[in-house]
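One line per chain: the protein sequences are Z and H, in this order.
Everything in the first sequence is counted per my numbering, starting at 1 for the first residue and increasing by one.
Everything in the second sequence is counted per my numbering, starting at 203 for the first residue and increasing by one.
2 protein chains.
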Amino acid sequence: KDLIQANEELADENKNYFKNRGIRAIEFLGNIGSGKTSLIAKIIEKVKDKYNIAVINGDIAGDPTDIERLGVSTIQINTGGECHLDAKYIRPFVEKLPSETNLCFIENVGNLICPFEFPLGCEHRVVVVGLTDGPFIIRKHPVTFRIATVAVINKLDLQEFLDNDPKKLVEDCKSINPKAAVVLTSAKTGKGIEELIKVLNL
Amino acid sequence: KDLIQANEELADENKNYFKNRGIRAIEFLGNIGSGKTSLIAKIIEKVKDKYNIAVINGDIAGDPTDIERLGVSTIQINTGGECHLDAKYIRPFVEKLPSETNLCFIENVGNLICPFEFPLGCEHRVVVVGLTDGPFIIRKHPVTFRIATVAVINKLDLQEFLDNDPKKLVEDCKSINPKAAVVLTSAKTGKGIEELIKVLNL
Ligand SMILES: Nc1nc2c(ncn2[C@@H]2O[C@H](COP(=O)(O)OP(=O)(O)OP(=O)(O)O)[C@@H](O)[C@H]2O)c(=O)[nH]1
Ligand SMILES: Nc1nc2c(ncn2[C@@H]2O[C@H](COP(=O)(O)OP(=O)(O)OP(=O)(O)O)[C@@H](O)[C@H]2O)c(=O)[nH]1
Ligand SMILES: [Mg+2]
Ligand SMILES: [Mg+2]
Ligand SMILES: [Zn+2]
Ligand SMILES: [Zn+2]
């Protein structure tokens, strides 16, 4: 538990660092393949004229991300095996962000469990799951959804082929964490992206 | 690293325990919602007349699993927050298995990362991912696929709606771990279940 405490202090330090540099930092976390990268790309398409954007992407091994094609500064962190980013680990990368950066997306390692305990110092923690993950995905991970400022249920375009009611997932989230905004999206069709941008105040 | 070593020793003890009790133990691991429970259920439907089956299911919080409906002895472990099962943790549950048990499926916590490092003492480690997780899912998790005896790519029934070629995923797996059997399945339609049963020698 000292690790948790130590991380909280370093996360606060990061928070101050972002503030002093005028960088708005938004963390995306969620299970593997839920669509974190795709959603960040969709958001960037819509707001890149408003901000100087950078992306820090954490993975165990290389992520051939397509965010670079959007002309946005990207830093890829390969942890080698560490199952979550933490405040200390990202600090040197954060310090390397281009000086004009004023909006930074940090995509955590694909993992719906471990990252919840290690905040990074961002103003938002956006938890992303896919409708493809089944009807109990939120109910089975209360500790993760409790730390979310925004919860996103992605891949709505596949709804008709799945036995999974998005409304029930929204209810599950609201009962675990009434304060989190819940957004239904499809990174494929663009559905819900405007709403996601709105709840993130971008 | 002492934790890893200690777990390996306890995993070997579990292996001997299973052997002495005449129980074949098969571990299912893989990311959240990939279909581990559904695949175990499909296998059980086909082989339950051949074996006395028990299921141990690990989750962070309750899994309303439908395996009990199959009339199979099930033990649900809720870890509360631990992101992977380990050999020590499952031992008391394994000792509680009904005496006539000769086949035990152990479903690890939904997590494609942490469980790889903590074998439980089973004869098979079946790693399950969904076609819905995107084309890089295997390439991004080499350490996990390296410990697989069988790799399963599930949810093939959704192939036409996804930009993801199962053949490429099979190649990714074979290049990381040539010794693992790779099976394409749909727990929904039943596709590949016979083949999965065959590679598991059931
Ligand atoms: N379309 C489709 N859906 C599937 C398939 N297999 C499982 N599902 C669905 O995917 C969701 C998750 O399935 P589960 O079997 O609970 O997955 P799991 O890996 O056990 O999930 P966790 O234990 O929570 O990690 C459920 O809604 C299933 O109905 C499949 O082959 N095709
Ligand atoms: N059908 C559908 N597919 C999607 C959607 N969003 C993402 N995908 C697909 O899902 C796969 C994974 O998407 P990513 O954006 O890489 O997901 P991720 O959460 O960043 O994955 P990791 O970083 O590996 O944890 C890709 O093949 C995407 O094309 C969606 O809304 N609908
Ligand atoms: Mg990603
Ligand atoms: Mg399950
Ligand atoms: Zn972890
Ligand atoms: Zn872990």
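Here a beta-carbon is modelled for each residue, glycine too, at the ideal position from N, C-alpha and C.
All values derive from a computational prediction rather than experimental measurement.
- Rounded to the nearest whole angstrom, the CA to CA distance from threonine 74/Z to valine 55/Z is 5 angstroms.
- With contact defined as three or more Cβ pairs closer than 8 angstroms, the region 181 to 191 of chain Z and the region 291 to 305 of chain H are not in contact.
- For valine 311/H, no alpha helix (DSSP H) run applies, since DSSP gives it neither H nor E.
- The continuous beta strand (DSSP E) containing threonine 276/H extends over residues 275 to 280.
- For the C-beta of proline 142/Z, the chain H residues within less than 9 angstroms are, from N- to C-terminus, Ile262 and Ala263.
- For cysteine 375/H, not one C-beta of chain Z is nearer than 8 angstroms to its own C-beta.
- At a cut-off of 8 angstroms between beta-carbon atoms, aspartate 204/H makes no contact with chain Z.
- A Cβ of chain Z is located within less than 8 angstroms of the beta carbon of phenylalanine 363/H.
- Under the 8 angstroms criterion on CB atoms, asparagine 313/H is classed as interfacial with respect to chain Z.
- When DSSP states are grouped into helix, strand and coil, isoleucine 67/Z belongs to the coil group.
- Collapsing the DSSP output to three states places isoleucine 90/Z in a helix.
- According to the DSSP secondary-structure assignment, isoleucine 255/H is paired through a beta bridge with Leu305/H.
- At a Cβ-Cβ threshold of 8 angstroms, glycine 35/Z and asparagine 177/Z do not count as neighbours.
- Close to asparagine 209/H, with beta-carbon spacing below 8 angstroms, lies no residue of chain Z; the smallest spacing is near 15 angstroms.
- With distances taken between CA atoms, aspartate 365/H lies nearest to Leu158/Z out of Asn57/Z, Ala6/Z and Leu158/Z.
- Comparing alpha carbon positions, the residue from His84/Z, Ser38/Z and Lys19/Z closest to isoleucine 4/Z is His84/Z.
- With a cutoff of 7 angstroms, glycine 312/H counts as near ligand 4, since its C-beta is closer than that to a heavy atom of the ligand.
- At least one heavy atom of ligand 5 sits closer than 7 angstroms to the Cβ of histidine 84/Z.
- For aspartate 367/H, no chain Z residue has a Cβ inside 7 angstroms of its Cβ, as the nearest lies near 15 angstroms away.
- A distance below 6 angstroms between beta-carbons, with the five flanking residues on each side excluded, links tyrosine 253/H to the following residues of its chain, in chain order: Asn304 and Leu305.
- Going by beta carbons, isoleucine 26/Z and histidine 124/Z fall inside the 8 angstroms limit.
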